[in-house]
Amino acid sequence: MAAPSHILIVDDHPLFLEALQRAITSVFPSVQTVEAASIEAAKTQLQGRTHFDVVLLDLALPGTKGFEGLLELRTLHPKIPIVVVSALEDPRIVQDVMRYGAAGFISKSAARDDIATALRDVMDGSVTLPKGYLPPSGPQAESAPADLVQRLQMLTPKQLSVLKMLRQGLLNKQIAHELQIEETTVKAHVSEILRKLNVASRTQAVIEAQKINFDTIMGEG
13 MAAPSHILIV DDHPLFLEAL QRAITSVFPS VQTVEAASIE AAKTQLQGRT HFDVVLLDLA
73 LPGTKGFEGL LELRTLHPKI PIVVVSALED PRIVQDVMRY GAAGFISKSA ARDDIATALR
133 DVMDGSVTLP KGYLPPSGPQ AESAPADLVQ RLQMLTPKQL SVLKMLRQGL LNKQIAHELQ
193 IEETTVKAHV SEILRKLNVA SRTQAVIEAQ KINFDTIMGE G
């Protein structure tokens, strides 16, 4: 079993962080864990000098919606395994997490031994899924359509950032200010987003992007 030297935990709940760290050290006593309470903080850590072997990511984080955070980190760092650790256990969410490129899904309600086993599996290069997980079936089995997943994965990190801000209702001028780029560059990014998502307008792009919200999935249940 390969032993990680550094693991990044992206979660803003102190009590769960402590429990997760105990589970990690029970398997890998010498591992160093680093914490980030938001996607922006995680991006800063991942852009630093430390090489992380695994990222453990909560989906419900401040400043992000749905699978945005997973998409951003997956696009920026495609070679680092990202395991989602979440209390959102709907099979459709687990399915979408895997479609968006996660290396696995661990339930926050899992016992410490199960979390430890999942971590071992990931470090051995295996996919880890919750005990008893069955792919969703029936009329509500599809949440994010597979073709949408493929189209979103075509976006560059900067285009994902622009799309996120479009979802927030920001204008090109505001996006330019936030990203510290020229407004003409924003327009070019928007054009590419529309092309890659195969839509004709900003509104349609936002409607497509709304499909990555897991709150809509939970609302159907």
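Using the numbering used here, the letters of the sequence shown map in sequence onto residues 13 to 233. Beta carbons are placed, not taken as given, at the ideal position from N, Cα and C, and that holds for glycine.
- Of the residues assessed, Arg-207 falls on the exposed side of the cut-off, its CB having fewer than 16 other CB atoms within 10 angstroms.
- Between Val-46 and His-18 the beta-carbon gap is near 7 Å, inside 8 Å, which marks them as a contact.
- Looking at Leu-83, Ile-21, Gln-57, Phe-40, the one whose alpha-carbon comes closest to that of Lys-176 is Leu-83.
- In the DSSP assignment, His-18 falls within the beta strand (DSSP E) that extends over 18 to 22.
- By the CB criterion at 9 Å, Phe-79 and Ile-224 fall inside the cutoff.
- Beta-bridge annotation (DSSP): Leu-68 is paired with Ile-21, Val-95.
- Considering only Ala-31, Leu-68, Arg-61, Val-39, the residue with the shortest C-alpha distance to Ala-48 is Leu-68.
- Of the other Cβ atoms in all chains shown, 16 or more fall within 10 Å of the Cβ of Gly-116; this residue is therefore buried.
- In this structure, Val-95 and Val-134 form a Cβ contact; the two beta carbons are roughly 6 Å apart against a cut-off of 8 Å.
- Between the alpha carbons of Val-161 and Leu-58 lies a distance of about 24 Å.
- If you ignore the 5 residues before and after Pro-148, its C-beta comes within less than 7 Å of the C-beta of Pro-103, Arg-104, Gln-107, all in its own chain and listed in chain order.
- If you look at Val-46, you'll find it in the beta strand (DSSP E) that goes 44 to 48.
- The DSSP-derived three-state label of Ser-121 is coil.
- When DSSP states are grouped into helix, strand and coil, Gly-81 belongs to the helix group.
- Contact between His-201 and Val-218 is ruled out by a C-beta separation of about 14 Å, above the 8 Å threshold.
- Here the C-alpha atom of Ile-21 lies approximately 8 Å from the C-alpha atom of Leu-29.
- Using a Cβ distance threshold of 9 Å, Ile-118 and Ser-98 count as a contacting pair.
- In this structure, the CA atom of Pro-142 is about 25 Å from the CA atom of Gln-165.
- Classified as exposed, Ala-123 has fewer than 16 neighbouring CB atoms from the shown chains inside 10 Å of its CB.
- With respect to Leu-32, Ala-72 sits apart: the two C-beta atoms are not nearer than 9 Å.
- In this structure, Leu-167 lies near Thr-87, with their beta-carbon atoms less than 9 Å apart.
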